[in-house]
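Data block below; observations after.
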Amino acid sequence: MYGKLSVAAAEARKKAYAPYSGFKVGAALLTADGKIYSGCNIENSAFSPTVCAERVALFKAISEGERAFVAIAVAGGKERIAPTMPCGVCRQALAEFCNGDLKVISVSDESGNYTETTLGALLPNAFSEADFRG
Ligand code: THU
Numbered sequence: 013m014y015g016k017l018s019v020a021a022a023e024a025r026k027k028a029y030a031p032y033s034g035f036k037v038g039a040a041l042l043t044a045d046g047k048i049y050s051g052c053n054i055e056n057s058a059f060s061p062t063v064c065a066e067r068v069a070l071f072k073a074i075s076e077g078e079r080a081f082v083a084i085a086v087a088g089g090k091e092r093i094a095p096t097m098p099c100g101v102c103r104q105a106l107a108e109f110c111n112g113d114l115k116v117i118s119v120s121d122e123s124g125n126y127t128e129t130t131l132g133a134l135l136p137n138a139f140s141e142a143d144f145r146g
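Count the sequence shown with my numbering and you get residues 13 to 146, in order.
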């Protein structure tokens with residue numbers, strides 16, 4: 013089901029710029045109309061400007077006008093791909109545009125095996141500013 017998306021995440025990982033941690037991540041975000049936006053982590057010598065692969069993929073898509081997403085695949089690891097989940101900041105960034113049924117695909121290995129969960133399972137009770145509007 014998400015084999016092609018997993019391959020796209022693994023391909024994006026090859027472009028990671030991670031000279032400080034050595035931890036390379038690729039992400040591939042699937043839109044409702046079948047397009048794929050990919051991203052890799054981009055580190056910085058000042059550390060805090062570092063951005064994760066998931067947010068690079070998300071922001072590329074948003075900046076192109078995309079608003080509807082069905083799944084994101086993540087492929088991370090140092091020497092080789094090992095199971096990786098989006099960090100808390102990326103979960104919240106995804107929650108700005110996606111509801112809890114967004115599929116989160118974690119690529120497990122170099123063979124393209126993957127596990128599947130949802131944004132709702134990874135970020136229950138996500139903060140939403142709209143919940144506090146009076
Ligand atoms: N990283 C990601 O790109 N995505 C994740 O889901 C986890 C962490 C990056 C940030 C940093 O460049 C490196 O992995 C180590 O934390």
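Heads up, the beta-carbon is just placed ideally off N, CA and C, and yes, glycines get one too.
Please find out if some non-hydrogen atom of the ligand THU comes closer than 6 Å to the beta-carbon of residue 109.
When distances are taken from the beta-carbon of residue 109 to the heavy atoms of the ligand THU, even the shortest one reaches 6 Å or more.
Any non-hydrogen atom of the ligand THU closer than 6 Å to residue 98 Cβ
yes
If you run the structure through DSSP and keep just helix, strand and coil, what is residue 81?
strand
Per DSSP, what are the beta-bridge partners of residue 118 in this structure?
Beta-bridge partners of residue 118 (DSSP): 86 and 127.
Taking 6 Å as the cut-off, does the CB of residue 78 come closer than this to any heavy atom belonging to the ligand THU?
Because no heavy atom of the ligand THU lies under 6 Å away, the Cβ of residue 78 does not count as near it: no.
Whole angstroms are fine: how far does the CA of residue 136 sit from the CA of residue 27?
31 Å
With a threshold of 16 other CB atoms inside 10 Å of the CB of residue 55, please say whether the residue is buried or exposed.
buried
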